[in-house]
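As given, the protein sequences belong to chains A and B, one line each in that order. My numbering puts the first residue of the first sequence at 1, with every later residue one more than the last. My numbering puts the first residue of the second sequence at 1001, with every later residue one more than the last. Note that CB positions come from ideal geometry on N, CA and C, so glycine has one too.
2 protein chains.
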Amino acid sequence: MAARTPHPQRRNQVLSREQIIETAIELLDAGGEGALTTRSLTERLSTGSGAIYYRVGSRDELLDAATETVVTAALAAKPARATTTATPEDEIRTVALALFDAIAEHRWLATHLILQLVRKPFGPVTVGIFERIGRQVGALGVPRASWFDAASTLVHYILGAVSQHARIDGDTSTVEPDRAEFLDATAAAWQDLDPEDHPFMHAIVGQINEHDDREQFLTGIAVVLDGLTRLG
Amino acid sequence: MAARTPHPQRRNQVLSREQIIETAIELLDAGGEGALTTRSLTERLSTGSGAIYYRVGSRDELLDAATETVVTAALAAKPARATTTATPEDEIRTVALALFDAIAEHRWLATHLILQLVRKPFGPVTVGIFERIGRQVGALGVPRASWFDAASTLVHYILGAVSQHARIDGDTSTVEPDRAEFLDATAAAWQDLDPEDHPFMHAIVGQINEHDDREQFLTGIAVVLDGLTRLG
DNA sequence: ACTAATCTGGTGCGGCGCTCCAAATGTGTC
DNA sequence: GACACATTTGGAGCGCCGCACCAGATTAGT
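Right, dumping it as structure tokens:
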């Protein structure tokens, strides 16, 4: 009706915090961390920056919230397989792979997952992961006095390994498919190193192309689990 | 002399790439990642942005260079202790603690160390760490076919654990000394969790105050090393 | 129907990384 | 010493950014 009111129309639907976070995740998935800006978000939601800051506060808080959403969903989606037959080792692998897969789907997660552990040692992400993993260490035969050490070791290994899959940052569709290419380039670069200075790199250069990230990750977990049985 | 020439005076000494990197490290140490800006750097060096971009390129490249300088120095400063008596385990611990201490001194390092591993799998940082650690795994009794897996597991654990000590970002002098305070707050928050939902967190809350990061780190390494002996 | 509380879109500010370029400085040649 | 040429420098300016702020629209309470 009105030809030109200062606020022509409003949201037909109320703008919820969840909507903002979900849209943020979409932007992050599509274009990496750099693609999440106040302006890209306001445009996508066709709103102003005021609404966003009213709901979520700063950009950092939005990133934290996105991380929390994704991690919580990932952990919830993969409970212990069959509740009766699952061993503690199974449960730990389940949690670890849930995080691994979450990062495969949302590459920007890697960096922020670690930041959460450091910046918010309370908070659902840190507590959730620690609790889920920690519960199993007793069943592994680790003495109570070493529970904290054991859980820390597991969590640290898992996060370190999983961070490996961080995003190079940029558009997904164009940067994604060169995994094989990337491995080849790495192998070639390692091959070019001076064999005298880098005998080890030369010894393993053949293994880089035939290795599978997920399998290597599971091998690493098996190593840590083995080591934990000797704690006490 | 001249009342106002467009370029009143120049550097009395040529501006070297090393100077820029060192100044950047100083700024990072003093104020965290946010304190390193083109402008703060040009001010400190009393130059213009042109000189800096001419020498080091982008800000990211400067951060990479700073990371490389610090890590290389840390690794070089701590060679195997006594060359004859050092076991492979000793050497691995030496490298791990060198990284641990480097991050204690330069908290901003944590984030960028992991990024280097991901973004520049060649490059002195990644190769240096891998080579140094990888050489030992053979001596540990790990079969050649598993060398890559073993080295990866070690590096991933070390980086994951060491990232824990990332900076909250801000001024060093004011933010630093509240370590005990921080642990107390964490313990209190864990204590407040619902004991039914978080039995594990409650079980270990007593251990958080008496634990020592460095010792826990060494325990973790011992766990991984133990686990590696079963590889094959 | 009126008021108070809640919520939203948009403008503008200070600061960022970085490009670009004229001028100052080195380097070679005769 | 004079000149041409390559190298190096300081700084102005551009297009972004996160975010504070606020007028006004909407909703809820009575």
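Grouping DSSP H, G and I as helix and E and B as strand, with all else coil, what is residue i?
i, result
"L1075 of chain B", "helix"
"H198 of chain A", "coil"
"W147 of chain A", "helix"
"R1004 of chain B", "Low per-residue confidence applies at R1004 of chain B: pLDDT is 33, beneath 50, and the placement is therefore not dependable, though the value from the model is reported in the following sentence. Of the three classes helix, strand and coil, the one that applies to R1004 of chain B here is coil, per DSSP."
"Q116 of chain A", "helix"
"F1122 of chain B", "coil"
"S40 of chain A", "helix"
"Q164 of chain A", "coil"
"L231 of chain A", "coil"
"A66 of chain A", "helix"
"S1046 of chain B", "coil"
"V1142 of chain B", "coil"
"T85 of chain A", "coil"
"S1152 of chain B", "helix"
"G57 of chain A", "coil"
"R10 of chain A", "Residue placement at R10 of chain A is flagged as unreliable, the pLDDT there being 47, under the threshold of 50; a coordinate-derived value is accordingly withheld."
Compare the C-alpha of residue i against each of the options and name the closest.
i, options, result
"L1183 of chain B", "B:H1112, B:Q1164, B:N1209", "B:N1209"
"G31 of chain A", "A:A161, A:R230, A:H106", "A:H106"
"L1087 of chain B", "B:R1055, B:I1133, B:K1120", "Here residue 1087 of chain B turns out to be Thr, not Leu, going by the sequence shown. Here the closest residue by C-alpha is B:I1133."
"F1217 of chain B", "B:T1229, B:A1189, B:H1165", "B:H1165"
"V1142 of chain B", "B:L1228, B:R1055, B:A1098", "B:L1228"
"I1092 of chain B", "B:A1104, B:L1075, B:V1070", "B:L1075"
"V162 of chain A", "A:V205, A:E196, A:E215", "A:E215"
"L1193 of chain B", "A:E131, A:L154, A:V223, A:T37", "A:E131"
"A1110 of chain B", "A:L225, A:E196, A:L117", "A:L117"
"L140 of chain A", "A:L154, A:A24, A:L225, A:E196", "A:L225"
"S152 of chain A", "B:F1200, B:A1188, B:E1196, B:D1178", "B:F1200"
"G1128 of chain B", "B:T1038, B:E1181, B:K1078", "B:K1078"
"R59 of chain A", "A:L154, A:R135, A:H112, A:R230", "A:H112"
"A145 of chain A", "B:I1021, B:I1204, B:D1029", "B:I1204"
"L63 of chain A", "A:Q136, A:L28, A:L154", "A:L28"
"H211 of chain A", "A:P195, A:R179, A:R230, A:G160", "A:R179"
"D1090 of chain B", "B:Q1136, B:E1026, B:T1037", "B:Q1136"
"T1094 of chain B", "B:L1154, B:T1038, B:I1021", "B:L1154"
"L284 of chain A", "A:A150, A:E61, A:T85", "Coverage of chain A is limited to positions 1 through 232, which leaves residue 284 of chain A absent and any answer about it impossible."
"V1223 of chain B", "A:P195, A:G220, A:L231, A:D197", "A:L231"
"H1198 of chain B", "A:H202, A:T126, A:D213", "A:T126"
"Y1053 of chain B", "B:S1046, B:W1108, B:I1020", "B:I1020"
"K1120 of chain B", "B:E1068, B:T1085, B:D1213, B:A1150", "B:E1068"
"I1221 of chain B", "B:E1196, B:R1044, B:A1150, B:H1202", "B:A1150"
Which residues bound the alpha helix (DSSP H) around residue i?
i, result
"D1226 of chain B", "1213-1228"
"F182 of chain A", "179-192"
"Q1019 of chain B", "1017-1031"
"L1097 of chain B", "1088-1105"
If contacts are defined as beta-carbon pairs under 8 angstroms, then residue i and residue j qualify, I think. What distance do you get, rounded to the angstrom?
i, j, result
"Q1191 of chain B", "F148 of chain A", "Their Cβ separation, rounded to whole angstroms, is 14 angstroms, which puts Q1191 of chain B and F148 of chain A out of contact at 8 angstroms."
"G1048 of chain B", "T1042 of chain B", "6 angstroms"
"T1072 of chain B", "P1124 of chain B", "6 angstroms"
"R17 of chain A", "V70 of chain A", "Not confirmed; about 15 angstroms, so no contact."
"I1158 of chain B", "A1104 of chain B", "So it is not a contact: roughly 14 angstroms between Cβ atoms."
"A24 of chain A", "A66 of chain A", "5 angstroms"
"A189 of chain A", "F1100 of chain B", "A189 of chain A to F1100 of chain B, Cβ: 28 angstroms. No contact."
- Query: Using a beta-carbon distance cut-off of less than 7 angstroms, what residues from the region 128-139 of chain A approach chain B?
  - Reply: Flagged, chain order: F130, E131, G134, R135.
- Contact list for the region 1082-1115 of chain B against chain A, Cβ threshold 9 angstroms: A1110, T1111, I1114, L1115
- Query: Relative to chain B, which residues along the region 219-232 of chain A have a C-beta separation below 8 angstroms, given in chain order?
  - Reply: Residues T219, G220, A222, V223, V224, L225, D226, G227, L228, R230, L231.
- Looking at chain A, which residues of the region 1037-1050 of chain B have a Cβ within less than 7 angstroms of any of its Cβ atoms? none
- Taking a Cβ distance cut-off of 8 angstroms, strictly less, list which residues of the region 1206-1219 of chain B are near chain A, in chain order. Q1207, I1208, H1211, Q1216, T1219: these are the residues of the region 1206-1219 of chain B whose beta carbon lies less than 8 angstroms from some beta carbon of chain A, given in chain order.
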